[in-house]
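This report refers to the structure that appears directly beneath it.
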Ligand SMILES: C[S@@+](CC[C@H](N)C(=O)[O-])C[C@H]1O[C@@H](n2cnc3c(N)ncnc32)[C@H](O)[C@@H]1O
């Protein structure tokens, strides 16, 4: 019944306003040395997310209501949530079942990774300059869709496009389906269960966009506790993190239309990609809001280097 060894009833007698609880939560989070990497990057913003959720107020209102007092019932709800964040080291998104991606709201739970890919920025920019207003992608594959965040954001950005949302995990696809329905996109975004490309033989796309599992074993071993609540198959992918990426690179060309493009996130495993494929001219994309390790290859480049992609996949 304690948050960092502080008595609940003493707390509710001493702290009264939303601002009081935000300050308190921030101090507790800092003392508990929590890790922030799932939508916020500091204790203060994490506190705002959780305190405002506990009292059913939108985060955007926080400054206007700092001085508003809470009822005892609300204080206890806030303390309980702060307590769970600390003792269970759960990402805030799993406590609130909510994440934002590309400016859109998504339902999330422990069946899917918390959306945080820098690919959001590319979607918001309509994948310019790879695609233009005159030549938008008409068929899009979100490979390894998880919550469906990339597929859904693409569908909203390109309302004329057909979007396939593919994942191996039935659990993830169940969450993706919730989000597809919440966004009213059941006609436009189709969930597909498949192990990489095996379930979509004969299908081809203008854009394959993917945030696959790519964390290498060293990084998996060093993951903060918060990440251990995420699905294992969403993170690690072999010793150098490239097991799935090798497969994608070996097979993507045969699922791309002429002038098609593959966009793939590999994060810190960029270094392994460059070691395994030294002769391939990957275009590494840059981000204004942070993020790294996302490359672009055209169908022509994938075809030109197909021998090297096939060899790297078959030798593994
Ligand atoms: C890094 S998560 C990305 C989720 C989502 N696209 C995002 O950006 O938040 C990777 C996803 O790949 C899925 N996955 C893992 N292995 C797979 C495979 N062999 N074929 C298809 N999907 C796979 C996992 O279930 C997980 O949902």
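Numbering (the numbering used here), first residue to last: 1015 to 1330. Glycine residues also receive a C-beta, built at the ideal position from the N, C-alpha and C atoms. Remember, predicted model here, so these are calculated numbers, not experimental data.
- Put simply, the backbone Cα of residue 1039 is about 31 Å away from that of residue 1192.
- Under the three-state reduction of DSSP output, residue 1022 falls in the helix class.
- For residue 1138, the closest C-alpha among the options 1302, 1296 and 1307 is that of 1302.
- In this structure, ligand 1 has no non-hydrogen atom nearer than 7 Å to the beta-carbon of residue 1192.
- Look at residue 1158: its beta carbon is less than 7 Å from one of the heavy atoms in ligand 1.
- Rounded to the nearest angstrom, the gap between the Cα atoms of residue 1316 and residue 1288 is 15 Å.
- Boundaries of the beta strand (DSSP E) around residue 1224: 1219-1224.
- Taking a 10 Å sphere around the C-beta of residue 1142, we find fewer than 16 other C-beta atoms and assign the residue as exposed.
- By the C-beta density criterion, residue 1102 is exposed, having fewer than 16 other C-beta atoms within 10 angstroms.
- Under the three-pair Cβ rule at 8 Å, the stretch 1024-1037 counts as touching the stretch 1076-1085.
- At the C-beta level, residue 1215 and residue 1176 stay beyond 8 Å of one another.
- Residue state for residue 1152 is assigned as coil, using DSSP reduced to three classes.
- If you compare the alpha carbons of 1171, 1159 and 1021 with that of residue 1097, the shortest gap goes to 1021.
- Taking the CA atoms as reference points, residue 1259 sits about 14 Å from residue 1159.
- The Cβ-Cβ distance between residue 1313 and residue 1272 falls below 8 Å.
- Note on residue 1148: under 16 other CB atoms within 10 angstroms of its CB, so exposed under the neighbour-count rule.
- Residue 1330 and residue 1324 have their C-alpha atoms spaced approximately 10 Å apart.
- Take residue 1291, set aside five residues on each side of it, and the residues of its chain with a beta-carbon closer than 8 Å to its own are 1263, 1319, 1322, 1323 and 1326, in chain order.
- The stretch 1163-1176 makes contact with the stretch 1108-1116: 3 or more CB pairs, one atom from each, lie closer than 8 Å.
- Judged by DSSP in its simplified three-state form, residue 1031 adopts strand.
- A residue is called buried once 16 or more other Cβ atoms fall within 10 Å of its Cβ, and residue 1224 is buried on that count.
- Sorting 1155, 1305 and 1110 by C-alpha distance to the C-alpha of residue 1208 places 1155 at the top.
- Residues of the same chain with their beta carbon placed closer than 7 Å to that of residue 1232 are lacking, with the five preceding and five following residues left out of the count.
- Straight-line spacing of the CA atoms in residue 1218 and residue 1061 works out to 44 Å.
- Here residue 1181 is bridged, per DSSP, to 1207.
- Here residue 1295 is exposed. Its C-beta has fewer than 16 other C-beta atoms within 10 Å.
- In this structure, 1104 is the residue among 1076, 1068 and 1104 with its C-alpha nearest to the C-alpha of residue 1240.
- A distance below 8 Å between beta-carbons, with the five flanking residues on each side excluded, links residue 1122 to the following residues of its chain, in chain order: 1107, 1108, 1111, 1112, 1113, 1128, 1129, 1161 and 1189.
- Ranked by Cα distance from residue 1238, the options 1269, 1267, 1052 and 1144 are led by 1052.
- Looking from the CA of residue 1151, the closest CA among 1284, 1306, 1270 and 1304 belongs to 1270.
- Counting of Cβ neighbours within 10 angstroms places residue 1023 among the exposed residues, the total staying below 16.
- DSSP places residue 1248 within a helical segment (H, G or I) once states are collapsed to three.
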